[in-house]
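Protein chains in written order, with the working numbering: chain A, 1 to 360; chain B, 1 to 145.
Backbone N, C-alpha and C define an ideal beta-carbon position, used for all residues, glycine too.
First the structure, in the form of structure tokens, and then the observations on it.
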């Protein structure tokens, strides 16, 4: 049995963690989990962010771009994002443009895309005009995968996305009414989020809900309720992300969630969703916070992680967790079939890639 | 100030072109290191800066700091072996200074070189540096700052 002192010894032996202060009480709770979880862990390096650590270099440029059907615009302007997350995405603001974008990115080597857009005032992304071209894309390029951020949908909208051939449906689940009202400025209910999840779960699309940890101005509020809601449906995976204060409304006081608070939530999620794949998504605060969060995620037994920070791979190895790297979005490659297809593109992490030259 | 494809490349500094970093030795023998304006153009607006701590030994061509932008995260590689003697306190709250003033207030880290007389032979400056940057930008397909 791996006890806390062994875990501390492992952490001390990882050079990238020399400068980090781990939360000792959390490490005690994690040590039990670490010893029980020696399952493989998957690392993802989707290409919408170029990524290079001493352990890993994403060389799969352009494989998984992110596309926004509203460009950088969003009517909802939630306090935690203010549409900042849309800004670096490829705009495709009408169906013809979307078709052209897809043809261009396929020519550049893309195997799929993350499709999203800004919301209307009801937290809906208005995909209806794009459904025919999405259908056409999937018919013309059946191997091209589409992971789509649905936002709130009803049963009909869910069916329409399914009929168009969308592979993966993703949406943020919010468990606290105060967060919906104050952060999202939205006149919808917690129940609407659950009903969207229910509608999507009745389709053949893979359903991958997200929980934004710290959504309520950097504090945890409805996250546990969100976990309970998700536990009621046969989802394919849960993606956890962490609010990033640098994207938030500067007039609102967002704090960075403490890494140990996030780490504890990982343990809680693992306990509630014992048999569900839980992944750590791209969005999380940068720097030291990210290194700590990533370490806690590995120790808590999460199944996968996007853009692992420095030290993460060494830690996984030290804990006996075998690992492979996939160039896809984590939401897309979470079933055996997907993983088998992606395995053709996966790389072992036993080598350190230095394919990067300079900053490129 | 010399420029290459619109990117400022001061010709009095030392460079490791592959790593896209500049270095400047001061009178006390400490080496100040930073990202070139070319590197800043590639990375986009920096939002996070995580240097190695003071007192740590860093190896040549290994990370002495990690920086992150909206579209990129990666290491700033030390051009020499050395010990970290100072980190830039301004960058903790204003990482955007790296882009705004890469050769001035946006310096990344200061090292005490372990083997300066040996390691300096791997660095270049002046016209040689300008020519190598131009070649690198050509190979990279870089349109300019």
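Residue-level contact to chain A via CB, residue i, 9 Å cutoff
i: residue 144 of chain B; result: no
i: residue 68 of chain B; result: yes
i: residue 50 of chain B; result: yes
i: residue 63 of chain B; result: yes
i: residue 71 of chain B; result: yes
i: residue 60 of chain B; result: no
i: residue 135 of chain B; result: no
i: residue 128 of chain B; result: no
i: residue 6 of chain B; result: no
i: residue 75 of chain B; result: yes
i: residue 44 of chain B; result: yes
i: residue 120 of chain B; result: no
Selection from the options that minimises the alpha carbon distance to residue i
i: residue 45 of chain B; options: B:34, B:72 and B:81; result: B:72
i: residue 79 of chain B; options: B:6, B:20 and B:102; result: B:20
i: residue 237 of chain A; options: A:229, A:277 and A:253; result: A:277
i: residue 145 of chain B; options: B:33, B:37, B:16 and B:28; result: B:37
i: residue 27 of chain B; options: B:100, B:143, B:98 and B:112; result: B:112
i: residue 29 of chain B; options: B:116, B:123 and B:97; result: B:116
i: residue 138 of chain A; options: A:45, A:219, A:166 and A:87; result: A:166
i: residue 287 of chain A; options: B:6, B:84, B:92 and B:24; result: B:92
i: residue 35 of chain B; options: B:123, B:99 and B:142; result: B:99
i: residue 24 of chain B; options: B:40, B:108 and B:143; result: B:108
i: residue 164 of chain A; options: A:203, A:25, A:16 and A:19; result: A:203
i: residue 193 of chain A; options: A:64, A:123, A:87 and A:10; result: A:123
9 Å Cβ cutoff, residue i in contact with chain B
i: residue 77 of chain A; result: no
i: residue 287 of chain A; result: yes
i: residue 70 of chain A; result: no
i: residue 62 of chain A; result: no
i: residue 52 of chain A; result: yes
i: residue 84 of chain A; result: yes
Simplified DSSP assignment, three categories, for residue i
i: residue 129 of chain A; result: helix
i: residue 39 of chain A; result: coil
i: residue 147 of chain B; result: A question about residue 147 of chain B goes unanswered here, because the residues of chain B that appear run from 1 up to 145.
i: residue 159 of chain A; result: helix
i: residue 187 of chain A; result: coil
i: residue 92 of chain A; result: coil
i: residue 74 of chain A; result: coil
i: residue 9 of chain B; result: coil
- prompt: Contact between the segment 63 to 79 of chain A and the segment 38 to 58 of chain B: three or more CB pairs below 8 Å?
  reply: no
- prompt: Quick one: any contact between the segment 215 to 229 of chain A and the segment 114 to 125 of chain A, if contact means 3 or more CB pairs under 8 Å?
  reply: no
- request: Evaluate contact between the segment 55 to 66 of chain B and the segment 132 to 143 of chain B, counting only Cβ atoms and requiring at least three cross-stretch pairs below 8 Å.
  value: no
message: Please list, in chain order, the residues of the segment 10 to 29 of chain A that have any C-beta partner in chain B closer than 7 Å.
response: 18 and 19
message: What are the residues in the segment 86 to 118 of chain A lying within 9 Å of chain B by C-beta distance?
response: 87 and 88
- prompt: Just by C-beta distance, which residues in the segment 297 to 322 of chain A are closer than 9 Å to chain B?
  reply: 307, 309 and 310
- prompt: Any contact of the segment 118 to 130 of chain B with the segment 7 to 16 of chain B, i.e. 3+ C-beta pairs under 8 Å?
  reply: yes
query: Would you call the segment 173 to 180 of chain A and the segment 94 to 113 of chain A touching, i.e. three or more CB-CB distances under 8 Å?
result: no
message: Would the segment 96 to 107 of chain A count as touching the segment 259 to 278 of chain A if we require 3 or more Cβ pairs under 8 Å?
response: no
- prompt: Taking a cut of 7 Å between CB atoms, which residues from the segment 78 to 92 of chain B lie near chain A?
  reply: none
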